[in-house]
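Here's the structure, in structure tokens; my notes come after.
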Amino acid sequence: MADTPERTGSRLWRSGPIIQWLLDEGRLVDDVDEAVDQLGQRMLSAGAPLWRLRLSMRTLHPLIAAFSSVWERDAGDTERRETPHGLEGRSGYIGSPLEIIGRTGQAFRKRLSDRLTSADHNVLHGLKARGATDYFGLPLIYSSGMTASLVFTTDAADGFSDHDIERFTEIASVMAPVAEVFSTRRIALAVAEAYLGPRTGRRVLDGQITRGDIEKINAAILVSDIRDWSGLSNRLPAEEALALANSYFEIVAQAVEENGGEILKLIGDGVLAIFPSDESEPSAEAACRSAVSAARQSLQAARSAGEAFSLRFGTGLHFGEVLYGNIGSKTRIDFTVLGQAVNIASRIEGLCSRLGESILFSEAFAERLTEPSTVVADEALKGHEGTFRVFTVSPAAQS
Numbered sequence: 001m002a003d004t005p006e007r008t009g010s011r012l013w014r015s016g017p018i019i020q021w022l023l024d025e026g027r028l029v030d031d032v033d034e035a036v037d038q039l040g041q042r043m044l045s046a047g048a049p050l051w052r053l054r055l056s057m058r059t060l061h062p063l064i065a066a067f068s069s070v071w072e073r074d075a076g077d078t079e080r081r082e083t084p085h086g087l088e089g090r091s092g093y094i095g096s097p098l099e100i101i102g103r104t105g106q107a108f109r110k111r112l113s114d115r116l117t118s119a120d121h122n123v124l125h126g127l128k129a130r131g132a133t134d135y136f137g138l139p140l141i142y143s144s145g146m147t148a149s150l151v152f153t154t155d156a157a158d159g160f161s162d163h164d165i166e167r168f169t170e171i172a173s174v175m176a177p178v179a180e181v182f183s184t185r186r187i188a189l190a191v192a193e194a195y196l197g198p199r200t201g202r203r204v205l206d207g208q209i210t211r212g213d214i215e216k217i218n219a220a221i222l223v224s225d226i227r228d229w230s231g232l233s234n235r236l237p238a239e240e241a242l243a244l245a246n247s248y249f250e251i252v253a254q255a256v257e258e259n260g261g262e263i264l265k266l267i268g269d270g271v272l273a274i275f276p277s278d279e280s281e282p283s284a285e286a287a288c289r290s291a292v293s294a295a296r297q298s299l300q301a302a303r304s305a306g307e308a309f310s311l312r313f314g315t316g317l318h319f320g321e322v323l324y325g326n327i328g329s330k331t332r333i334d335f336t337v338l339g340q341a342v343n344i345a346s347r348i349e350g351l352c353s354r355l356g357e358s359i360l361f362s363e364a365f366a367e368r369l370t371e372p373s374t375v376v377a378d379e380a381l382k383g384h385e386g387t388f389r390v391f392t393v394s395p396a397a398q399s
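Residue numbers (this note's numbering): 1 to 399.
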């Protein structure tokens, strides 16, 4: 690694301290945007003619194909940019410097102070219009073969010197394994959150992975289920049935997440979600308010969709103590909730069709709900002694 600066005009800077920071402190920064911000600031302080720095990485995410952290000298905070799936095949990406770097695995250099033509990508024209004079991007190749990109841009009148290019190349060679650490963390978190939910995913990544790692928590429990799914799936083509199911899950998931809950299970044609509470009564009331709000919001969203959403579904709600954590075999573990309270919520949901209601909840839930509710019936629940009084929200609250 060369760190003896070579004189190029009046510009002189060293990469060594920056590389040492990457190896020591930089790799431990747990937020990639913060790491890129610090890298840009350190390069600027070292004397690098840097106006803009961009780190772009692919990821595994249900919605996002890649993301970038973009630092600009005069912009303040580093900007996060996300690329949704599908954009990789469009003109905004094809032929761009990032596409070329990723496809070829080679560096890309363009002096923007020179005349650009229609053959040059719009990205380059846009940067030149903002005052950029030189563009240099490098591939960061991971041990898996996946490629990220690190791009340096300047607005210095004379662009980048050979000395600058050499220093950037040195920094990129060390940045590759650091970026791979950032990428691996993000992929692990994205996969955990997609399959387990935000709270549970983070708990697993934080080490709660052993069978028997269970705690008792209080929660409002929401169980939702599509009515007559077996009949629908037998009548409809598989692709149409799947599209309807995905629409249902999208409606319920959005309502749950926007009201602070977490989906723990997509069970065939149903959803299990919780709204955790602490021991205090105000917290329990807040959890129940959030849960009934999610139930009502999902119902309203389905009605608003009209003919585009032909499914009917019911929602059962209960409040109680659940066991929250890992269960399963020695090698196949599930993070979920168990307990009588979960079963009661499920049994109550099962009454929705027969009682002609879209939302039903238990007396324990109604007692903590600070809005009007209506008694629907006293019902026996399979597996439980006695009868349970079930309620629904008032007609005005449902509309």
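For each residue, glycine too, the CB sits at the ideal point set by N, CA and C.
Given this structure, state the Cα-to-Cα distance separating residue i from residue j, to the nearest angstrom.
i, j, result
"Ser-358", "Arg-296", "9 Å"
"Arg-289", "Val-32", "36 Å"
"Asp-228", "Asp-269", "10 Å"
"Trp-13", "Glu-166", "11 Å"
"Ala-286", "Arg-235", "41 Å"
"Leu-150", "Val-70", "10 Å"
"Glu-6", "His-163", "Residue placement at Glu-6 cannot be trusted, given a pLDDT of 40 that sits under 50; the coordinates are not used to answer."
"Thr-147", "Thr-59", "11 Å"
"Trp-51", "Asp-155", "6 Å"
"Val-123", "Leu-22", "29 Å"
"Ser-298", "Gly-159", "55 Å"
"Arg-368", "Leu-232", "36 Å"
"Val-186", "Thr-83", "Residue identity differs from the one stated: residue 186 is Arg in this sequence, not Val. In a straight line, the C-alpha of Arg-186 is about 15 Å away from that of Thr-83."
"Gln-41", "Gly-320", "51 Å"
"Gly-328", "Arg-211", "7 Å"
"Gly-207", "Ala-245", "33 Å"
"His-404", "Ala-188", "Because residue 404 is not part of the residues shown, which for the chain are 1 to 399, the question remains open."
"Ala-238", "Ile-226", "16 Å"
"Tyr-93", "Ala-66", "12 Å"
"Arg-303", "Gly-260", "22 Å"
"Arg-80", "Glu-72", "12 Å"
"Arg-354", "Glu-250", "25 Å"
Short check: CB of residue i to CB of residue j, under 8 Å?
i, j, result
"Ala-341", "Phe-182", "no"
"Ala-190", "Ile-274", "no"
"Thr-374", "Phe-391", "yes"
"Leu-138", "His-125", "no"
"Ala-179", "Leu-242", "no"
"Ala-46", "Ile-64", "no"
"Ala-284", "Ala-255", "no"
"Ser-224", "Phe-313", "yes"
"Ala-119", "Leu-222", "no"
"Ala-400", "His-318", "Only positions 1 to 399 of the chain appear in the structure, and residue 400 is not among them; the question remains open."
Comparing C-alpha positions only, which one of the options sits nearest to residue i?
i, options, result
"Arg-389", "Ala-377, Leu-98, Leu-381", "Ala-377"
"Tyr-195", "Phe-335, Leu-39, Tyr-142", "Phe-335"
"Gly-105", "Pro-17, Tyr-142, Thr-315", "Tyr-142"
"Gly-325", "Val-204, Arg-103, Thr-78", "Val-204"
"Thr-370", "Gly-89, Arg-312, Ser-304, Glu-281", "Glu-281"
"Glu-97", "Pro-84, Leu-112, His-85", "The sequence given here has Pro at residue 97, not Glu. Answer by Cα proximity: Leu-112."
"Thr-351", "Met-43, Ile-100, His-85, Lys-382", "Residue identity differs from the one stated: residue 351 is Leu in this sequence, not Thr. Answer by Cα proximity: Lys-382."
"Arg-74", "His-61, Glu-88, Asp-37", "First, the residue type needs correcting, since residue 74 is Asp and not Arg in the sequence shown. Among His-61, Glu-88, Asp-37, the Cα nearest to that of Asp-74 is on Asp-37."
"Phe-309", "Glu-240, Phe-108, Lys-110", "Glu-240"
"Ser-394", "Pro-372, Thr-387, Ala-66", "Pro-372"
"Met-43", "Ser-144, Leu-28, Arg-11, Phe-67", "Arg-11"
"Val-322", "Thr-331, Gly-316, Ile-333, Ala-345", "Ala-345"
"Ile-209", "Gly-260, Phe-108, Thr-331, Ala-157", "Thr-331"
"Gly-145", "His-121, Arg-103, Tyr-135", "Arg-103"
"Ser-91", "Asp-134, His-121, Asp-114, Ser-277", "His-121"
"Ala-387", "Ile-348, Arg-354, Asp-114", "In the sequence on display, residue 387 carries Thr and not Ala. It is Ile-348 whose Cα lies nearest to the Cα of Thr-387."
"Ile-433", "Gly-26, Ser-68, Ala-366, Ala-364", "Absent from the structure is residue 433, since the part of the chain shown begins at 1 and ends at 399."
"Ala-107", "Phe-152, His-85, Asp-114", "Phe-152"
The segment 164-179 / the segment 37-56 touching (three or more Cβ pairs under 8 Å): yes
Cβ contact (3+ pairs, closer than 8 Å) linking the segment 252-264 and the segment 195-209: yes
At least three beta-carbon pairs within less than 8 Å, the segment 209-219 to the segment 324-339: yes
Those runs of the alpha helix (DSSP H) which lie wholly inside the segment 299-379 and span at least 4 residues: 340-349, 352-355, 363-366
Beta strand (DSSP E) runs wholly inside the segment 7-46, at least 3 long, in chain order: none
Contained beta strand (DSSP E) runs [length at least 3] in the segment 175-231, N- to C-terminal order: 214-226
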